[in-house]
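Here is the structure we will look at, set down as structure tokens.
Number of protein chains: 2
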Amino acid sequence: MTTKYVYLFKEGNASMKNLLGGKGANLADMTSLGMPVPQGFTVTTEACNDYYANKKVIKPEIIKQIFAALEATEKEYGKTFGDPNDPFLVSVRSGARASMPGMMDTILNLGLTNVSVKGLAKLTNNPRFAYDSYRRFIQMFADVVMEIDKENFEHLLEAMKHEKGVELDTDLNADDLEKLVGQFLVKYEELKGQPFPQDPREQLIEAITAVFRSWDNPRANTYRRLNHIPYEWGTAVNVQGMVFGNMGDDSGTGVAFSRNPSDGTNELYGEYLFNAQGEDVVAGIRTPKPIAELKKDNPALYEQFFNISKKLEAHYRDMQDMEFTIERGKLYMLQTRNGKRTAQAALKIAIDLVNEGVLTKKEAVLKVEPAQLDALLHPQFNPAALKKARVITTGLNASPGAATGRVAFTAERAKELKAKDGLPVILVRQETSPEDIEGMIVSSGILTSRGGMTSHAAVVARGMGTCCVAGAGAVRVYESKKYFEVNGEKFSEGDWISLDGSTGKVYGEKVETQDATVSGDFATLMAWADEFRALKVRTNADNPRDAKVAYNYGAEGIGLCRTEHMFFEADRIPAVREMIVAKNKAEREKALAKLLPMQRQDFIGLYKEMKGYAVTIRYLDPPLHEFVPTAEKDIRDLAKEMGLSYEELNATIEGLHETNPMLGHRGVRLSVTYPEIAEMQTRAVIEAAIQVNKEGMKVVPEIMIPLVGEVKELQMIKDVVVATAEKVIKESGVKLEYLVGTMIEIPRACITADEIAKEAEFFSFGTNDLTQMTFGFSRDDAGKFLGDYYEKKIFASDPFAHIDQKGVGKLMQIAVELGKKVRPDLKLGICGEHGGDPLSVEFCHNIGLTYVSCSPFRVPIARLAAAHANIKNPR
Amino acid sequence: MTTKYVYLFKEGNASMKNLLGGKGANLADMTSLGMPVPQGFTVTTEACNDYYANKKVIKPEIIKQIFAALEATEKEYGKTFGDPNDPFLVSVRSGARASMPGMMDTILNLGLTNVSVKGLAKLTNNPRFAYDSYRRFIQMFADVVMEIDKENFEHLLEAMKHEKGVELDTDLNADDLEKLVGQFLVKYEELKGQPFPQDPREQLIEAITAVFRSWDNPRANTYRRLNHIPYEWGTAVNVQGMVFGNMGDDSGTGVAFSRNPSDGTNELYGEYLFNAQGEDVVAGIRTPKPIAELKKDNPALYEQFFNISKKLEAHYRDMQDMEFTIERGKLYMLQTRNGKRTAQAALKIAIDLVNEGVLTKKEAVLKVEPAQLDALLHPQFNPAALKKARVITTGLNASPGAATGRVAFTAERAKELKAKDGLPVILVRQETSPEDIEGMIVSSGILTSRGGMTSHAAVVARGMGTCCVAGAGAVRVYESKKYFEVNGEKFSEGDWISLDGSTGKVYGEKVETQDATVSGDFATLMAWADEFRALKVRTNADNPRDAKVAYNYGAEGIGLCRTEHMFFEADRIPAVREMIVAKNKAEREKALAKLLPMQRQDFIGLYKEMKGYAVTIRYLDPPLHEFVPTAEKDIRDLAKEMGLSYEELNATIEGLHETNPMLGHRGVRLSVTYPEIAEMQTRAVIEAAIQVNKEGMKVVPEIMIPLVGEVKELQMIKDVVVATAEKVIKESGVKLEYLVGTMIEIPRACITADEIAKEAEFFSFGTNDLTQMTFGFSRDDAGKFLGDYYEKKIFASDPFAHIDQKGVGKLMQIAVELGKKVRPDLKLGICGEHGGDPLSVEFCHNIGLTYVSCSPFRVPIARLAAAHANIKNPR
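Same order as they appear, the protein sequences are chains G and B.
The opening position of the first sequence corresponds to residue 638 in my numbering, with each subsequent residue numbered one higher.
The opening position of the second sequence corresponds to residue 638 in my numbering, with each subsequent residue numbered one higher.
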């Protein structure tokens, strides 16, 4: 049996998403629900994969099936593709399994030729419409299929508008457009060296090929990497009979959400344009009307659309994002999908749907993407500062949150400015396009002068949780001159402005921000999440300030306190350096004695903020050279300060130099050489715990030895720790529980975890180092080639952002199994940066860890991710 | 039942070596063979381990058993320990499971006191003997048990000899010695603050404790590490009734081998001294007589000893190393063990024993230690150069081989000189002692002015395969003044001399050396070894010269050709640098085109030397910055040479800087970024193979991609390799087989070896990098703390010298299993430096590798080790 590569909408259904893509499956689904869907067919994702497997050629078998489906569709419409008098026209659109808004290319009005455009004009008695459709088609085909920069055609359009003294496309008449079509065809031939194809079948196959090809373009690859969409999925292609929103003022096109995607309010939310084709709305070239006005403009049609919207929402049990077209007063549904939404909206919609009886709590928890919460947890404007701030204009509140930063006018410059000093950047553009994606990622906020709530900038910003003010019409952007003007005031590249994405206000200065306060919906959903999760969530915190934030976000202990962060502080570093230059143990102990009271005080602060939750303290980890200067002048100054000769100090510092510091004298290796460091740190940990417990708390400190690769390392240091701790406890006369465990961050530790578990009372996976050593590249150096690795599809995502499950994850699994075999009640945690990444949290749940530990702001994300993990795969 | 910690010699047997140690088991064995062994008892290795487990205290139960055994032994002798008139005296000697010559401490004459020495004098009517025994005992006890530097007593002895105007100890009379004993006792009390113990039982327990303690002394630890003797084995202690070689001229002591340990000749070989105690012979203070002279001195005794020697050799089926004492004309056997021997002797003895019908070939192969062969394979003097060389003196030919190097007078200086510039060093000392061990290891040769063939220097040097000339009496060493004089000529520290350890000749200059020629015995034994091994042995060779050496040593192919070594050569480096600074692919390809003919020529050379054996070529591996200078001046010069501005070149070079070069942009990562490098290298590999095969050879090149951690890396480069190779082959019109495989040197490669095996036609374990990444430390940096790791017994041996079987080895096993699951005929090799280490070779055999690859000089060692492995654990 031959594989079926092409499905009519009538042949598909909602369960065939993997094969038909999201768009194709939903078009089939809407068809079977009896909704007004222009009929057509879907070329499957398998056909796309076959195309790539087959040296980027669509094989004859698939082409045969395409034309068979085309024939069936022609019959449906009673029209013929390429008919000179009444041409059947189609749209060609991509549709992957996961929605990739704006990332892939679309072609409308396909099938028009120099001959049939005349037939269409005659048949519809609307030459303006016919030539408008044709000029759009030529431009899209040239751009998408032939990779001719669309600027070439836009210049001609602008010139024509200028010549005619009009502002909008709609002001051009049929003659103007016919003339423009002529110019386009000349331009096309000039640039391609061959005329615009006049065979609709050739157009169709070229267009489908272009969609397949677009799956592999750089911005699609970037989007996939950021959203963990496997390259192997491929895209389907939807070929759909055209309906026309540009047939006159009784025609139009629009997009709408079944609920407000910005705040979640249960109201129809969207925009439409009369006498336009779809791209006009999302590209933001003309500012569209709010959907509510359709109620006035055409109440019956509004009613019909509203009912469809409710029906679809109920059907999919989620808020829908829909595209529609009105052709001569008749409504057509072009697509529906679960709508992207802000975090705030996601929370409200999820909770409302529970209250409406549509979803269970469990289902509602799954509707909120953990990563989205980030937007809620980031700083907001300080209200006092905001009061004094000067509003320079107001645009659309396209994506909530507050941002302050320096102005940049191109994605490129935004990246450069940000990279230069790390200070925030705000990307200011007339409108954004998919090419701007990387600049948008680095920016703290996005301001556009054109486009609406569903413009590219707005949709993408919401998805990323980045603050966005869109369509701020008063803003005039002079990109090449590197400034924008608003009401006569000029702002140049590098000037500070601020955006409030929730109100749409733009401020002409830097405005102080402050921590987010979490709303009632947030608390409700997090409480539900906590009901369902099995993983505990701790935080990485080195000081009481961070510990407090994390506690308020629900952290259930500290999973990692990096004691060296305390060592770097100004009042400690002299004693640390004294320890480093010490010539013998006695001198070293003298220096350590100075650090003891400070460390003790640090730990007291942490214990108190954690109110009895476990606090895990990692012993000194970095190589000692990190604590000393390297420049000659600094060494001279320090030598003077320490009363040493320059030569002497310099010799010590040179002695500390390492070829590969990542693989050097650090972690437990320091304690093996200088057990007195572990001794001092133990004294501080235990004395602090005793003191806090005397005040009525019950802290159980967890002492964590880093970088262990061989059980005897741990054994030796554990002996030092236990001897010291027992001595301190005995001195104090009170009882104290404490644990001694280890980081698992070296491949050998994973492989020999059964031996290590004999000594370790807990494991905490240090996945940053483990990733570096498992892959054999350092984070500092991998930057040079990781770009090539993404481009050449060797890596699908950054292994430092998401746990590499096949390699690093496998080692973790081995360690968990070996460790539990020896010590069934072994506590298992993770404290690498992966601890706050939802994909990695899910993995940690699945391999049976006890807790994850992450930065304070990621704690709620980890809680929600843990709930998702346990709902999907209950323990 | 209580554990039995103490065994009488009569209670033990040869199979109890683990419990009784080698010496104890053999004493028991000799006893049961009816040989004249002074009776006594052995305190077990378990007692030693108990001592360490018990905070370094011998527990009462063990002490009870010791005294019970002592009582039984007293009965045997009819004497009583501590009897003032007729004291029973004992020796206390260590005896571990493996022989550790000279590493552990011995005490003789234990049981003497101020009172009983008088009784002994009276009883024996030999006051000289009694006081000589007592003064020796005091000195040994002070040294070994109380850790008082023996120098203190030797000064007194020297002063006495000076006072009496005599040269030898034996020239001192009873009065002198009695006086000396008095001085010793005063000195002892002065230094220890308490009198010399007068309770023999206290002496005994202190002495046993000291032997246990000596198990953990630094030189024992070093010896164990070098010889892979586990710390956990512990040492036994032998307490044996004393017989006295110092009772007069009818008494004596000696050591002898049943065959010549230097060349293997079947003759009794050894030395003895009249009127002496054992240590006098081995310490080399007096130069002893050859054993042959005993035949004249006392034919009956010689005959008796000779017969015992033959009987023991037949019993143990190996050459024996025996200690004996003659007390008033009666022979006593104090110990026997399998004798250490030179590699030459080992070969000859093994082959002779086969010819004599004592051993099978298989057993004979096992009798030769692979590591020993090293001594045979190292350079010898160039005969022409030797002819002209000036002999300054001749000593004993104590350990064969040739050495040339700079003179150093202390172990310390030897290490420093060697470390400074890597040039060879010859250690020159009056006599060596165990403290010198580390200096002996770094030295190419050892010259002593005193001591015989069984002196410390001679025994240790033979064991290490280091050339040694001992007892060169004409040499006067002035250690503190840093020169030696021989026949009026002065040689200072740093001057070059040469030694011929096979003739005993010392040359007063540098003498050119040349490759070893391997003897008939060598060839015979290697042929036997080849019959029994399953592992193939290849070599690591980057040039035809090395390839030729390896081929002659039996290499069955090249397992690793590091192409970058060719890149560093003067005629290539400009093109390499041109490639590095290239601004684009075209420029890079231009530079690579210059390298192509040179690389092709290199490969032709290698293929030809290998005469049809497989040649494995590893593609460019090191980070590019290794090919460019870093000093400003050098960069300026290079910029000029290359016609670039300094700034431009410097920017390129700075761009190449890496924080952790070990974990940077290298290996396959370079090819991912610059596939054109792999393309050029493939062209060179394939074109060279085609050319050589046209000349009638049949080379199958094996292309090896380094540093793969993810199958997609390999996939991508393999595509480039195969496309290029197929193109070149097609162009040539001939057929050519080739393989594409990968190094397995990254932990992730082991963990995902099933995926990698889908693409790789062979694996070659790069255990240098794999060790670094598995442990998470770099070889360059680990030097700083590995010393601490040995000292604190965290590591038993250097993981870069012997495969860490628990960690790195486990990963290798995982990789083998996963790889074979996917590709059952997967070729498996190792090309790290471990490939030439016998312990690692055995491991590689056991996990089922196809071949090991090692440096040319290690090929025979690997062949023999592979035979051992397969004999012990047949495939």
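Don't be surprised by glycine CBs; every beta carbon is placed ideally from N, CA and C.
Bear in mind that the values here come from a model prediction, so they are computed numbers and not experimental data.
1) Of the residues that make up the region 1288–1300 of chain B, which ones have a beta carbon closer than 7 Å to any beta carbon in chain G?
2) For the region 1385–1416 of chain B, which residues have a beta carbon sitting closer than 8 Å to at least one beta carbon of chain G?
3) Can you round the beta-carbon distance between Y771(G) and V782(G) to whole angstroms, since I take them to be within the 8 Å contact cut?
4) Going straight from the alpha carbon of P936(G) to that of F943(G), what length do you get?
5) Along chain B, which residues have their Cβ under 7 Å away from the Cβ of D1548(G)?
6) By how many angstroms is the C-alpha of P1007(G) removed from the C-alpha of G1042(G)?
7) The beta strand (DSSP E) with G732(G) in it runs from where to where?
8) Grab the span of the beta strand (DSSP E) containing F908(G) for me, first residue to last.
9) Step through the CB atoms of chain B and report whether any lies within less than 8 Å of the CB of G1456(G).
10) Look at the Cβ atom of A1035(G), then the Cβ atom of V1062(G), and state whether they are nearer than 8 Å.
11) With which residues is Y1115(G) paired in a DSSP beta bridge?
12) DSSP three-state call for S1492(G): helix, strand or coil?
13) Using a Cβ-Cβ cut-off of less than 8 Å, list which residues of the region 1352–1377 of chain G approach chain B; keep chain order.
14) Please report how far the alpha carbon of G1469(B) lies from the alpha carbon of A1438(B), in whole angstroms.
15) In angstroms, rounded to a whole number, what distance separates the CA positions of R978(G) and R1099(G)?
16) What does DSSP give as the partner residue(s) for T717(G) in the beta ladder?
17) Under the three-state reduction of DSSP, which class applies to T1030(B): helix, strand or coil?
18) Of the residues T640(G), G1110(G), G661(G), which one's Cα is nearest the Cα of G649(G)?
19) Under the DSSP definition of a beta bridge, which residues are partnered with E930(B)?
20) Do F961(B) and Y953(B) have their CB atoms nearer than 8 Å?
21) Would you identify the three-state DSSP class for G878(G), choosing helix, strand or coil?
22) Is G1378(G) helix, strand or coil by DSSP?
23) Beta-carbon of H1302(G) versus every beta-carbon of chain B: anything under 8 Å?
24) By how many angstroms is the C-alpha of L670(B) removed from the C-alpha of Q972(B)?
25) Determine which residues share a DSSP beta bridge with L1060(B) and list them.
26) Counting contacts by CB-CB distance shorter than 8 Å, is R1306(B) in contact with chain D?
27) Using CA coordinates, which residue listed in L1233(B), A1171(B), I1327(B) is at the minimum distance from I1484(B)?
28) Quick one: which residues of the region 1246–1259 of chain G get their C-beta closer than 7 Å to a C-beta of chain B? List them in chain order.
29) Have a look at F1128(G) and E1224(B) and give me their C-alpha separation to the nearest angstrom.
30) Between which two residues does the beta strand (DSSP E) holding G891(B) run?
31) Restricting to runs no shorter than 3 residues, where is the beta strand (DSSP E) found entirely within the region 949–1000 of chain G?
32) So the alpha helix (DSSP H) I845(G) belongs to, where does it begin and stop?
33) Could you tell me the distance, in whole angstroms, from the CA atom of V1496(G) to the CA atom of R1175(G)?
34) From D720(B) to S1081(B), what does the alpha carbon distance come to, in whole angstroms?
35) Within 10 Å of its beta-carbon, does V1445(B) have 16 or more other beta-carbons around it, so buried, or fewer, so exposed?
36) Can you name the residues of chain B whose CB is closer than 9 Å to the CB of L949(G)?
According to the data block:
1) E1295, T1296, N1297, P1298, M1299, L1300
2) R1385, I1388, T1389, E1392, D1406, Q1409, M1410, T1411, F1412, G1413, F1414, S1415
3) Numbered from its first residue, the first sequence carries residue 771(G) at position 134. Numbered from its first residue, the first sequence carries residue 782(G) at position 145. Not a contact, Cβ separation roughly 15 Å.
4) Here the question's residue 936(G) lines up with position 299 in the first sequence. Here the question's residue 943(G) lines up with position 306 in the first sequence. Each residue's Cα considered, the two are about 10 Å apart.
5) Outside the shown range of chain G, which is 638 to 1512, sits residue 1548(G), and nothing can be said about it.
6) The residue given as residue 1042(G) occupies position 405 in the first sequence. The residue given as residue 1007(G) occupies position 370 in the first sequence. Approximately 26 Å between the Cα atoms of the pair.
7) Numbered from its first residue, the first sequence carries residue 732(G) at position 95. Per DSSP, G732(G) is one residue of the beta strand (DSSP E) stretching across 727–733.
8) In the first sequence, counting from the first residue as 1, residue 908(G) sits at position 271. Going by the sequence as given, residue 908(G) is Glu instead of Phe. Residues 906–911.
9) What you label residue 1456(G) is simply residue 819 of the first sequence in a count that begins at 1. By this cut-off, G1456(G) is not an interface position.
10) In the first sequence, residue 1035(G) corresponds to position 398, counting from 1. In the first sequence, residue 1062(G) corresponds to position 425, counting from 1. No, they are not a contact pair.
11) For the purposes of this step, residue 1115(G) is taken as the residue at position 478 of the first sequence. Y1120(G).
12) Here residue 1492(G) refers to the residue found at position 855 of the first sequence. Coil.
13) M1353
14) Numbered from 1 along the second sequence, position 832 holds the residue referred to as residue 1469(B). Numbered from 1 along the second sequence, position 801 holds the residue referred to as residue 1438(B). Taking the straight line from one Cα to the other gives about 10 Å.
15) Numbered from its first residue, the first sequence carries residue 978(G) at position 341. Numbered from its first residue, the first sequence carries residue 1099(G) at position 462. Going by the C-alpha atoms only, they are around 6 Å apart.
16) Position 80 of the first sequence, counting from 1, holds the residue named residue 717(G). P724(G), per the DSSP bridge assignment.
17) Within the second sequence, numbered from 1, the residue matching residue 1030(B) stands at position 393. Three-state result, T1030(B): strand.
18) Start at 1 with the first residue of the first sequence, and residue 649(G) comes out as number 12. Closest by alpha carbon: G661(G).
19) As a working note, residue 930(B) is residue 293 in the second sequence. Assignment of beta-bridge partners to E930(B) by DSSP yields no partner.
20) Here residue 961(B) is taken as the residue at index 324 of the second sequence, counted from 1. Here residue 953(B) is taken as the residue at index 316 of the second sequence, counted from 1. No, these two residues do not count as a Cβ contact at 8 Å.
21) The sequence position of residue 878(G) within the first sequence is 241, counting from 1. Strand at G878(G).
22) Taking the first residue of the first sequence as 1, we reach residue 1378(G) at position 741. Three-state DSSP puts G1378(G) in a strand.
23) As a first step, residue 1302(G) is located in the first sequence; it is residue number 665 there, counting from the start. With 8 Å as the cut-off, H1302(G) counts as an interface residue toward chain B.
24) On the second sequence, residue 972(B) is found 335 positions in, with the first residue counted as 1. On the second sequence, residue 670(B) is found 33 positions in, with the first residue counted as 1. Whole-angstrom Cα-Cα distance: 13 Å.
25) For this step, residue 1060(B) is matched to residue 423 along the second sequence. Paired residue(s): none; L1060(B) is not in a bridge.
26) Judged by its chain identifiers, the structure shown contains no chain D, and its protein chains are G and B.
27) What you label residue 1484(B) is simply residue 847 of the second sequence in a count that begins at 1. Selected option, being the one with the closest Cα: A1171(B).
28) none
29) Taking the first residue of the first sequence as position 1, residue 1128(G) is located at position 491. Taking the first residue of the second sequence as position 1, residue 1224(B) is located at position 587. Straight-line Cα distance between these residues: approximately 43 Å.
30) Working through the second sequence from its first residue, we reach residue 891(B) at position 254. Note, G891(B): beta strand (DSSP E), 889–894.
31) List check, beta strand (DSSP E) in window: 957–964, 967–975.
32) Position 208 of the first sequence holds residue 845(G). Looking at the DSSP string, the run of the alpha helix (DSSP H) that includes I845(G) is 837–851.
33) In the first sequence, residue 1496(G) corresponds to position 859, counting from 1. In the first sequence, residue 1175(G) corresponds to position 538, counting from 1. C-alpha separation (whole angstroms): 7 Å.
34) Position 83 of the second sequence, counted from the start, is the residue given in the question as residue 720(B). Position 444 of the second sequence, counted from the start, is the residue given in the question as residue 1081(B). C-alpha separation (whole angstroms): 52 Å.
35) Residue numbering aside, residue 1445(B) sits at position 808 when the second sequence is read from its first letter. The residue is buried, with at least 16 neighbouring Cβ atoms inside 10 Å.
36) Along the first sequence, read from residue 1 onward, the residue named residue 949(G) stands at position 312. Neighbours of L949(G) on chain B: none; closest Cβ ~40 Å, over 9 Å.
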